[in-house]
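The listed protein sequences correspond, in order, to chains S and R.
Residues in the first sequence are numbered from 1486 upward in steps of one, following this note's numbering.
Residues in the second sequence are numbered from 1486 upward in steps of one, following this note's numbering.
Number of protein chains: 2
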Amino acid sequence: MKRDAVNPLKAVGDANRVRILKMLEERELCVCEVREILDLSNSTVSQHLALLRSADLIVDTKDGKWVNYRLHVESGNVLVRSLLDLMKKSFEDDETVREDKKKARRVDRVKICGV
Amino acid sequence: MKRDAVNPLKAVGDANRVRILKMLEERELCVCEVREILDLSNSTVSQHLALLRSADLIVDTKDGKWVNYRLHVESGNVLVRSLLDLMKKSFEDDETVREDKKKARRVDRVKICGV
DNA sequence: CCTTCATTTCGTTAACTGACGAAATGTAAT
DNA sequence: ATTACATTTCGTCAGTTAACGAAATGAAGG
């Protein structure tokens, strides 16, 4: 079995990363915005995002000193596209996910970063 | 976030468990048949199956001294059904998965168990 | 160039996971 | 009941993972 064929599935098997994917359904976010919502350390969030990126589930774009992450819905990896689609339909009733999404809509990077 | 909401995703994030789910698409199998195909110890296979069962992805039925496992396609858990559906469409090109399925079709428990 | 600040990388630690063999359990047939 | 044999549980071990703070990197503006 090919080495990293399972990586997208591994990546999605963690509650914090599920929360990240769900909040990215609302809009793209930078590291410190995700940190604010998840209430984890900056480095931890950065690692989660790096792992999701290496699984091809998200991509990043630079925006000045910020790095924006968004869902990689146009991935060439069929498993990735299917998983993002599955995620979109899942966890919609989860209270934490709902809160996260609400926060994602309102969060403002200039206010919360660098505190 | 509810404690075990992510369990099905966790369960599917392991190459050996992916292989198990894929071979169960062919037909139900007992522990020693899976052991034969995966070439792992009996206890390890048993644990993988227990984990998949606790994630609601498979169910077991007793058949004499054997325990048959099959995909839980009628699960009440939407995430589980979606995942099984996703799995069905994935890894079809994987050579190992193809071999596993072929073996699953031919394997005979009375011949290979208790060796 | 120097400072600021978001992000990443590094080093460490605690917890989890996947693997095994041995022992325990359970079932069917003698 | 005793045996045979499939499965599960137990105890253990090595490898992985998720978390943190501290240090390094990189980009924007003074």
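Even for Gly, the Cβ is constructed at its ideal location relative to N, Cα and C.
Could you work out which residues of chain S lie near Thr1581 (chain R), taking near to mean beta carbons separated by less than 9 Å? Met1486 and Lys1487
In the structure shown, what three-state DSSP assignment does Asp1548 (chain R) receive? strand
Name the two residues that bound the continuous alpha helix (DSSP H) containing Glu1518 (chain R). Val1516 to Leu1523
Give the straight-line distance between the Cα atoms of Asn1562 (chain R) and Asp1541 (chain R), rounded to the nearest whole angstrom. 8 Å
Nonlocal neighbours in the same chain, by C-beta distance under 8 Å from Lys1586 (chain R), ignoring five residues either side: Lys1507, Met1508, Glu1510 and Glu1511
Flag this pair as yes or no: are the beta carbons of Cys1515 (chain R) and Asn1527 (chain R) separated by less than 8 Å? no
I'd like to confirm the pairing. Which residues does DSSP put opposite Ile1543 (chain R) in its beta bridges? R:Leu1556
So which residues of chain S does Arg1520 (chain R) contact, with C-beta pairs closer than 7 Å? Residues of chain S passing the Cβ test: none, with the nearest at roughly 17 Å.
Along chain S, in chain order, which residues have C-beta atoms closer than 8 Å to that of Lys1495 (chain R)? Gly1498 and Asp1499
Should the region 1488-1505 of chain R be regarded as contacting the region 1495-1502 of chain S, the criterion being three or more beta carbon pairs within less than 8 Å? yes
Spatial distance of Arg1566 (chain S) from Val1544 (chain S) (CA atoms): 13 Å
When you compare the CB of Ala1540 (chain R) with every CB in chain S, is at least one pair closer than 8 Å? no
Cβ closer than 7 Å: which chain R residues qualify as neighbours of Leu1564 (chain S)? Ser1575
Simplified DSSP state of Arg1488 (chain R), which is helix, strand or coil: coil
Once the 5 residues before and after Val1558 (chain R) are set aside, which same chain residues still bring their CB inside 8 Å of it? Arg1566 and Leu1569
I'd like to know if Leu1506 (chain R) contacts chain S, where contact means its C-beta is closer than 8 Å to some C-beta of that chain. no
Own chain residues within Cβ distance below 8 Å of Asp1548 (chain R), not counting five before or after: Cys1515
Going by C-alpha to C-alpha distance, which of R:Leu1536, R:Lys1596, R:Cys1598 and R:Asp1524 sits closest to Val1491 (chain R)? R:Leu1536
Expressed to the nearest angstrom, what Euclidean distance is found between the alpha-carbon atoms of Glu1577 (chain R) and Glu1521 (chain S)? 40 Å
Is Glu1584 (chain S) near Tyr1554 (chain S), with beta carbons less than 8 Å apart? no
Please report whether the beta-carbon of Ala1589 (chain S) lies at a distance below 8 Å from any beta-carbon of chain R. no
Quick check on Ser1575 (chain S): buried or exposed, where buried means 16 or more other Cβ atoms within 10 Å of its Cβ? buried
From R:Arg1502, R:Val1503, R:Asp1489 and R:Ile1505, residue whose alpha carbon lies closest to that of Val1503 (chain S): R:Asp1489
If you drop the 5 nearest sequence neighbours on each side, which residues of the same chain put their C-beta closer than 8 Å to that of Val1592 (chain S)? Leu1514, Glu1518, Glu1521 and Ile1522
Is it the case that the Cβ atoms of Met1486 (chain S) and Asp1524 (chain R) are separated by a distance below 8 Å? no
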